[in-house]
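So the mapping is simple: the numbering used here equals the position in the sequence shown, first residue as 1, plus 34. Here's the structure, in structure tokens; my notes come after.
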Amino acid sequence: MQNKQSLPRQNMIPATADAQVKLLEETDCGILPFSKIVDESGRSPLSATSIDVLQINTGYVCNLLCRHCHVDAGPDRVEMMTRQTMLHCLDALDTCSIKTVDITGGAPEMNPEFCWFISSIRRKVPDAIILVRSNLTLLRADGAYGDLPGFLKKQRVTLIASLPCYTRSNVDTMRGNGVFDRSIATLKLLNSLGYGKEENDLELNLVYNPGGPSLPQEQHQLETEYRKQLIDEHGIVFNHLYTITNMPINRFLNDLLECGHYCQYMTLLAKNYNPLSVKNLMCRTTVSVGWDGTLYDCDFNQMLNLSLEKSAPQHISSFSEEKLRNRLITVGQHCYGCTAGSGSSCQGSLV
């Protein structure tokens, strides 16, 4: 084992992406570097296989301050994608075979160009699958964004909505007081528009995150529990549940350090490394676009400012499907979060 620095004191919270990467790579928790365990399991080199999804982060501003947020999004963030950068994204879609566009944030609805961008994607690629990741609370009927549910229905947008538990106490602990009730009200509104119902093609998918330093339950089993609780207690239906492992990045990393659970969690992830998950990692079929147009292998690498390999295009304005398709993936210790247990991606478990 190489000499590494010891774990920082609990009050030494890393404030920058570079500091977080240094912490992840240099703190001795007794686990192998991720690149080495991938190699030892016969899964290297880790490279892209195709580009099926263009994931676009339209900005880090959000109306919530969720404890598990790997983006560190919140009301005080100012990073916001401009229309010019969105035009570069549209140009990229015009030159490639990508049919799935994944819009995320922050709260993407808070970007003032949100509706223009969604409409432009639909015109550019009429048969595209457009995903929008929402925290639900902005879509309630009585708020400033109350017209958005109807707009999203008209644009045939698939919604991926964060609901980290089906109980009020757990959701409000993770996301803030009153969030659960506002989320339930929005889900009822979406159901009334046809979202989440089998007879319609308006998909409403929910996202579960563990409340602390643990792995998610098995996805199918938890989906069954969600269905029963939401229909019995609130009359709510949905299409799918996605379980996502909390990533040791930004706000969740801060929680781990403050509680002294950092090494415990990293060891849990490493001990549950599943080589079968590697072939389905989202970085192998996705390109992530930052709010300023910078390209990354995934949204998590974006938050740690881990660039694409140097031979690949670095900005959406120089997008090239051919050059990006077989690129080597930039990895780090946080990648254990995507390969533990059943695996984890922005669309749920991997195996």
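For every residue, glycine included, the Cβ atom is placed at its ideal position computed from N, Cα and C.
Q. How many angstroms separate the CA atom of Gly366 from the CA atom of Pro67?
A. 8 Å
Q: Measure the C-alpha to C-alpha separation of Asn339 and Gln381 and round it to an integer number of angstroms.
A: Cα to Cα, the separation comes out at about 22 Å.
Q) How about Asp125 and Arg285: do their beta carbons lie closer than 9 Å? A) No. Outside cutoff.
(Q) Counting beta carbon pairs with one atom in the region 78–95 and one in the region 311–331, are three or more of them shorter than 8 Å? (A) yes
Q) Where do the N-terminal and C-terminal ends of the alpha helix (DSSP H) with Asp136 fall, by residue? A) Taken as a continuous stretch (DSSP letters only), Asp136 belongs to no alpha helix (DSSP H), being part of the beta strand (DSSP E) at Thr134 to Thr138.
Q: With distances taken Cα to Cα, identify the nearest neighbour of Val218 among Thr119, Gln118, Phe272 and Thr83.
A: This sequence places Ile at residue 218; Val is not what is there. Ranking the options by Cα distance to Ile218, first place goes to Phe272.
Q. Bridge partners of Gln89, per DSSP?
A. Asp136 and Ser322
Q: Return the first residue and the last residue of the alpha helix (DSSP H) that Leu338 is part of.
A: No alpha helix (DSSP H) holds Leu338; DSSP gives it neither H nor E.
Q | Buried/exposed call for Val434, threshold 16 Cβ in 10 Å | A | Nothing about residue 434 can be reported from this structure: the residues present for the chain run from 35 to 385 only.
Q: Would you kindly work out how many angstroms separate the C-alpha atoms of Lys222 and Ile163, rounded to a whole number?
A: 23 Å
Q.
Can you check which of these residues, Asp333, Asp206, Pro146 and Gly210, is closest to Leu182 by C-alpha distance?
A. Pro146
**Q.** Where Leu41 sits in the DSSP three-state scheme
**A.** Confidence at Leu41 is low in this model, with a pLDDT of 44, below 50, so its placement is unreliable and the value that follows should be read with caution. It is coil, neither helix nor strand.
Q.
If you follow the alpha helix (DSSP H) that Ile71 is in, where does it begin and where does it stop?
A. Phe68 to Glu74
**Q.** Coarse secondary structure for Leu329, derived from DSSP in three states
**A.** strand
(Q) Applying the 10 Å Cβ sphere with the 16-neighbour rule, what's the burial state of Arg216? (A) buried
Q | Beta-carbon proximity check, Leu329 vs Pro309, cutoff 9 Å | A | No.
Q | Bridge partner(s) assigned by DSSP for Ser379 | A | Gly382
Q.
Can you look up Asn239 in the DSSP assignment and give me helix, strand or coil?
A. strand
Q: Check the C-beta distance from Gly177 over to Leu98 and give it rounded, since I have them as a contact under 8 Å.
A: Contact flag wrong, Cβ pair sits at about 13 Å.
Q. How many Å lie between Thr364 and Lys344 at the Cα?
A. Near 10 Å, if we compare the C-alpha coordinates of Lys344 and Thr364.
Q: Measure from the alpha carbon of Leu249 to the alpha carbon of each residue in Arg101, Arg361, Arg156 and Met300, then state which is nearest.
A: Met300
Q) Among residues of its own chain, excluding the 5 on either side of Asp128, which ones have a beta-carbon nearer than 8 Å to its beta-carbon? A) Lys158
(Q) I'd like the list of long-range same chain contacts for Thr83, defined as Cβ closer than 6 Å, with 5 residues on each side in sequence excluded. (A) Once the five neighbours on either side are set aside, the close Cβ partners of Thr83 are Arg318.
Q: Give a yes or no on whether the minimum CB-CB distance between Leu256 and chain D is below 9 Å.
A: In the structure shown, chain D cannot be found, because there is only a single protein chain.
Q | Residues near Asn360 in its chain [Cβ-Cβ closer than 7 Å; skip 5 each side] | A | Result list for Asn360: Ser81 and Ala82, in chain order.
Q. Start and end of the alpha helix (DSSP H) containing His268?
A. Gln253 to His268
Q: Can you give me the start and stop residues for the beta strand (DSSP E) that Leu277 sits inside?
A: In the sequence on display, residue 277 carries Thr and not Leu. Element bounds for Thr277: His274 to Thr277.
Q.
By DSSP's criteria, Leu193 is part of a beta bridge. Which residues make up the other side?
A. Val166 and Leu238
Q. Looking only at its own chain, which residues have a Cβ that is under 8 Å from the Cβ of Val87, when we skip the five neighbours before and after it?
A. Here the set comprises Ile132, Thr134, Val135, Asp136, Met316, Thr319, Thr320 and Val321.
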